[in-house]
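2 protein chains.
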Amino acid sequence: MNKTTKIEADDATKSVSNTQRVYEDLRNRIVTGTIPPGSKLKVESLKATLDTGASPIREALSLLTSDQLVERLDQRGFRAAEVSADHFREILKLRCALEEIALRESISLAESDWEEELVLVHHRMVRTPKDDPVFETHHKAFHMALLSACASPILLRFCDQLYDLNIRYRYLAGSAKSYPKRDVSKEHEDIMAAAVDRDADAAVSKLLQHYTRTGQFLVEHFES
Amino acid sequence: MNKTTKIEADDATKSVSNTQRVYEDLRNRIVTGTIPPGSKLKVESLKATLDTGASPIREALSLLTSDQLVERLDQRGFRAAEVSADHFREILKLRCALEEIALRESISLAESDWEEELVLVHHRMVRTPKDDPVFETHHKAFHMALLSACASPILLRFCDQLYDLNIRYRYLAGSAKSYPKRDVSKEHEDIMAAAVDRDADAAVSKLLQHYTRTGQFLVEHFES
DNA sequence: TAGCTTTAATATATCGGTAATACGATGAGC
DNA sequence: GCTCATCGTATTACCGATATATTAAAGCTA
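Going line by line, the protein sequences match chains A and B. The opening position of the first sequence corresponds to residue 1 in the working numbering, with each subsequent residue numbered one higher. The opening position of the second sequence corresponds to residue 225 in the working numbering, with each subsequent residue numbered one higher.
Below you can see the structure in the form of structure tokens.
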């Protein structure tokens, strides 16, 4: 039986494993809040929604478990991870600590191609309207590019994970929420400028401030 | 990383999910080097070895992927993660950085029950002969107990993961390797003493020295 | 003989079905 | 009226089988 008789628009998806597709899809839904925190993830229902068998779904859910986006309840299936103000504070704090390490190392090892890449992704981000869904993609790319010269893939993975955990709270707070009295673009520019100048102290300071400001805002929201 | 506080009752084996059992088993084999780095993990073969179906095995392998102990090759199955001197250095470095954060926070938040638990697990470790296989369990418990008062479960999880990645190299270097000119027990005692005294600086310094010494030894081994 | 194509063999990714287990509603017992 | 046991239903975890993809080997042109 042709599992994928449906010739997807462009068959780019075709070569990718089913598990991978489901993983990314679910991940996206959880991060953006389409699947709300705490909701049960029933394999049976997902089979219909995602149009695939139970195996890829279970596998994808296992992967998400390690990303802390899904919780596995022994013998009782899976559910989307819960959220709380405390949990958010933890993520924020840890993120600041790890990104400081990564950023310092990144700057100290930076070569010119890192710098060029950084400018490039920044440009892409600036060029994209904030309400465009791909803005988030570019935003993440920008923040990861800052760290990318850091020679520790494991650390980068941790940062990536924390980024997603963090951004989930942003989505949950509602994208409508804008940050008054702030010029986020300016903050990004300043961070980039300091990084390009190889001024680690300044870059770190600005980066952490950037996170803390956003964080402050979200903590208040989730406190209620 | 362990499914956190799994109450190891004797009859637990039966009630625990098959996936969990396979996960722990495989994890153990990879960490101890029974399954050598880079070796192919064929689902078909494992089915026989572990006496179970393909689903639990695939699921367990997915979980291990997130622990960085297994690599997934798109459409080409799984294999045990490769090792290298560089990789080890990365782990060591990151471990020092993260454990420093965790230990400082742990000490600053420590209550008397933390202290008691620490003394207890230390005692268990001391009491166990170094060549006893359970020594490693106690050794890990000791190191994790040091950090356990830290209020960040995510950070603890990272440390746990790094511990296992690190210890894998110890096993691979051969347990026969002993560290000349060192009194490891003394090192443990000193670390514990400093922690109990709530002397964070001393504890951190001794802990990192402890890791670096062992690390130095292993780097040399893997350099060749 | 080198290079390319086809074929065969091996292993992976996935599906459908089944037994076991947990949850919830119902009703007996106190 | 409330608690607890029981039964039916909803789900999960799992296995066997199938379809697909990758690799290796053999067969064919120039």
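Positions of the beta carbon are idealized from the N, C-alpha and C atoms, including for glycine. Computed from a predicted structure; not experimentally measured.
Query: First and last residue of the uninterrupted alpha helix (DSSP H) at V255/B; Result: 242-256
Query: Cβ contact check for the region 187-197 of chain A and the region 117-131 of chain A: 3 or more pairs under 8 Å; Result: yes
Query: Continuous beta strand (DSSP E) stretch holding R296/B: start and end; Result: 294-296
Query: Spatial distance of L98/A from I35/A (CA atoms); Result: 28 Å
Query: Closest Cα partner of K410/B within the set M349/B, I325/B, H445/B, D388/B; Result: M349/B
Query: C-beta neighbour in chain B for I167/A, strict 7 Å; Result: no
Query: Sequence ranges, alpha helix (DSSP H) only - wholly within the region 35-109 of chain A, length at least 4; Result: 43-50, 54-66, 85-109
Query: Nearest neighbour of E413/B, chosen from K430/B, A424/B, G398/B, K405/B [CA to CA]; Result: K430/B
Query: Chain B within 7 Å of F158/A, Cβ atoms only; Result: yes
Query: Exposure of L109/A, with buried meaning 16 or more beta-carbon neighbours within 10 Å; Result: exposed
Query: is_contact[R300/B, chain A] using C-beta, thresh 7 Å; Result: no
Query: Given N28/A as reference, the closest of D86/A, V43/A, A60/A once Cα atoms are compared; Result: A60/A
Query: Element boundaries [alpha helix (DSSP H), containing R170/A]; Result: 153-172
Query: Partner residues on chain A for R282/B, Cβ-Cβ distance less than 8 Å; Result: S55, E59
Query: Interfacial residues, the region 23-54 of chain A to chain B, with Cβ spacing under 8 Å; Result: none
Query: Neighbourhood of S330/B by C-beta distance below 6 Å, restricted to the same chain and skipping five residues each side; Result: L371, A373, C374
Query: Pair within 7 Å by beta-carbon distance, I281/B and V267/B; Result: yes
Query: C-alpha gap between R394/B and L316/B, whole angstroms; Result: 12 Å
Query: When L380/B, H311/B, D249/B, L318/B are compared against L442/B, the one with the closest alpha-carbon; Result: H311/B
Query: Residues, ordered as in the chain, of the region 288-320 of chain B that lie near chain A by beta-carbon distance below 8 Å; Result: T289, S290, D291, Q292, D298, Q299, E314, I315, K317, L318
Query: Contacts around E223/A, its chain only, beta-carbon distance under 6 Å, and the 5 residues preceding and following it disregarded; Result: A85
Query: As assigned by DSSP and simplified to three states, the class of A373/B; Result: coil
Query: Contact residues within the region 324-354 of chain B, judged by C-beta distance below 8 Å to chain A; Result: I325
Query: Residue-chain proximity (I191/A, chain B), Cβ-Cβ < 7 Å; Result: no
Query: Chain A contact for S429/B (CB, 7 Å cutoff); Result: no
Query: Alpha-carbon spacing of V70/A relative to T289/B, whole angstroms; Result: 16 Å
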